[in-house]
Amino acid sequence: MADEPQQTIDYSQHIPNNVDLANDRALQRALERWQPAFLSWWDETGPSNTSNLEVYLRTAVSVDRDGWANFGYVRMPEYRWGIFLTPRDENRKIHFGDHKNEPAWQDVPGEYRSPLRRIIVTQGDTEPASVEQQRLLGATCPSLYDLRNLFQVNVEEGRHLWAMVYLLHRYFGRDGREEAEALLQRRSGDANNPRILTAFNERTSHWLAYYMFTFFTDRDGKFQLAALAESAFDPLARTTRFMLTEEAHHMFVGESGVARVLQRTCEIMTERNLTDASQVRAQGVIDLETLQRFVNFHCSVTLDLFGSEVSSNAASFYTGGLKGRYGEANIADNHALGTDSYGIQEIEDGALVNRQVPALTALNARLRDDYMREIQAGLDRWNRIPEGFGIPFRMTLPQVGFHRKIGSFAGHHLSPDGRILSKEDWEQQSAGWLPSDKDHEFVGSLMGRVIEPGKFANWIAPPVRGINNLPIEFEYARFN
Ligand code: BYC
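Residue numbers are given in our numbering: position 145 of the sequence shown equals residue 208, and the series is strictly consecutive.
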């Protein structure tokens, strides 16, 4: 059976892989039928106008630690998407939930078929969704360096879709093949056939939204993938582990992108001695208040991706061994959560209260809390920039209940600092907390295409260094 991943990826195959696809003809044929549908989807909804573009991309040549260090120009439609799993550990045991200490599953147990398929489909659905959301950004890139990073992220999201589709085809028979087709049919933002999770139907219409998305939402990807990398279903654990190695670059793009916007704004504010947002805008850079509104939006929309704070789905995913906690192996407890409790916040009789709930049911809240710690650390790093310029402004994360549509805060109105408001107060005040159409319009008005090597749009500072130790003015994309 095609199940023994090699370190090295075989690029001589029609579908590059390290799962010995050539020895499972039925699976190979099924995936070869899906491949043209994927390529038409990419052509229709992937990065626009890239047919004459060569981009300096990294392509994985093996799944070992340095497997990614392979860079070169790739003509975008000729990118080689494939199937890469980290090698199997023959002795791997399930290390949490009801099946703790049993050998990890190499196949899907009948009783978990439906929830596992659902998790894989939900994960898989986010990957093409993000590519669709970012389709038009290339037309307004602030530099060749940024254009290259956008396309690197896009091709890897495309590969993450392959990763989930492989699992669906290989382990879920006909239902899996149908789900794989449906993954190419849903569309981000389509009223009739939208993507599954709400954040993936939002628009990413300019580069500020893109950097915020890759900082906040790709980091949800990191935490969800890390929870799935603990799974008792070994092929899911192995494929998500390899996906995590790619995710680091996506979050880097977001964190450094916002940092460069901040840097540029602070430079102009200092140079020209400006504090007022409208004066700052008049210089063609993004004022700090607008950046904060984007933080509020992207943070709150991403928190919805963790699902309800109290969730019986999450509890059964855990007891079944399908999805663990973040860093499960490093947590010093019995990995069963039997009678443990966990503190959550919710609203009771119009007030914010702390409540202890069974830890098993609070796993979404716990993963979200782990995530919040990491994004707070990112904000702290961003805040060193205005601090370095002697500008008193600091970015803050909104309270977890702010602007939520999923979970226990849905239907309530909280300010970013956690005050509970009436609907009327919310309607009056929320425009100051979330990006308005005018904010989008303003940010959009700054976007223009900069494609001269080494040049950057006025609203963003250059990066600290180039890709793969190359200079910043390297020609990261070539048009011909
Ligand atoms: N939008 O018990 P609940 C990434 C539904 S990002 C719409 O609250 P559960 C990436 C839920 O389906 C990571 N619906 O939640 C980033 C359920 O529906 P049913 C993606 C939602 O099940 C950037 C109901 O509400 N991966 O990789 O515990 C670029 C009650 O469910 C939402 C994953 O998410 C929502 N936000 O957890 C590219 C991992 N939230 O049963 C890629 C896989 C909940 O009533 N997914 N619902 O029909 C999961 O583990 C879980 O599905 C969730 C939800 C954590 C998302």
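C-beta: ideal position from N, C-alpha, C; glycine also.
According to DSSP, residue pairing for P421 in a beta bridge involves S404. Boundaries cannot be given for L84, as no alpha helix (DSSP H) includes it and DSSP labels it neither H nor E. A Cβ-Cβ distance of about 6 Å is found for the pair R388 and R429, placing them in contact under the 8 Å criterion. Taking C-beta atoms as the reference points, C362 and L460 count as a pair closer than 7 Å.
Residue pairing from DSSP places I146 in a beta bridge opposite N80.
Residue pairing by DSSP places V416 opposite E409 in a beta bridge.
Bridge pairing for E117: R138, R541 [DSSP]. Three or more beta-carbon pairs drawn from the segment 324-338 and the segment 346-356 are found closer than 8 Å, and the two stretches are therefore classed as touching. The nearest non-hydrogen atom of the ligand BYC is 6 Å or more from the C-beta of T303. Contact check for F263 and S251: beta-carbon distance about 6 Å, within the 8 Å limit, so the pair qualifies. The alpha-carbon separation between M275 and G451 amounts to approximately 22 Å. In this structure the segment 225-242 touches the segment 143-150; the number of beta carbon pairs closer than 8 Å is three or more. Rounded to whole angstroms, the separation of the alpha carbons of A378 and G239 is 24 Å. Cα atoms of R431 and F279: separation of roughly 12 Å, rounded to the nearest angstrom. Inclusion of I72 and N86 in the CB contact set at 7 Å is not warranted, their separation being larger than that value. Using a C-beta cut-off of 8 Å, the segment 503-517 makes no contact with the segment 98-118, since fewer than three inter-stretch Cβ pairs fall below that distance.
In this structure, D188 lies away from I78, with their beta-carbon atoms at least 7 Å apart. Bounds of the alpha helix (DSSP H) holding N212 are 207-234. DSSP, reduced to helix, strand and coil, places F472 outside both helices and strands of the structure shown, so it counts as coil.
Relative to G284, the option among L199, A414, T365, V527 whose CA is nearest is T365. For N376, the enclosing alpha helix (DSSP H) has its first and last residue at 375-383. Closest in C-alpha terms to E409, from the list P479, G470, D500, comes G470. S508 sits in a helix when the DSSP states are folded into three classes. Of the other Cβ atoms in all chains shown, 16 or more fall within 10 Å of the Cβ of K386; this residue is therefore buried. Rounded to whole angstroms, the separation of the alpha carbons of R121 and F134 is 4 Å. The segment 394-410 makes no contact with the segment 436-454, as fewer than three CB pairs between them are under 8 Å. Across the structure, A340 and P525 are spaced so that their CA atoms are roughly 23 Å apart. Pairing R92 with E117 gives a Cβ-Cβ distance that is not under 7 Å. Non-local beta-carbon contacts of R512 in its own chain, meaning distances under 8 Å to residues more than five positions away in sequence, involve A202, T203, C204 in chain order. In this structure, the alpha-carbon of N217 lies about 43 Å from that of A414. DSSP, read as helix, strand or coil, puts S319 in helix.
Collapsing the DSSP output to three states places K156 in a strand. DSSP, read as helix, strand or coil, puts T338 in coil. Between F360 and L497, the gap from beta carbon to beta carbon is short of 7 Å. Within the DSSP bridge table, the entry for F296 names W168 as partners. Exclusion of the five residues before and after S111 leaves R198, L199, G201, A202 as the residues of its chain whose Cβ lies within less than 8 Å of its Cβ.
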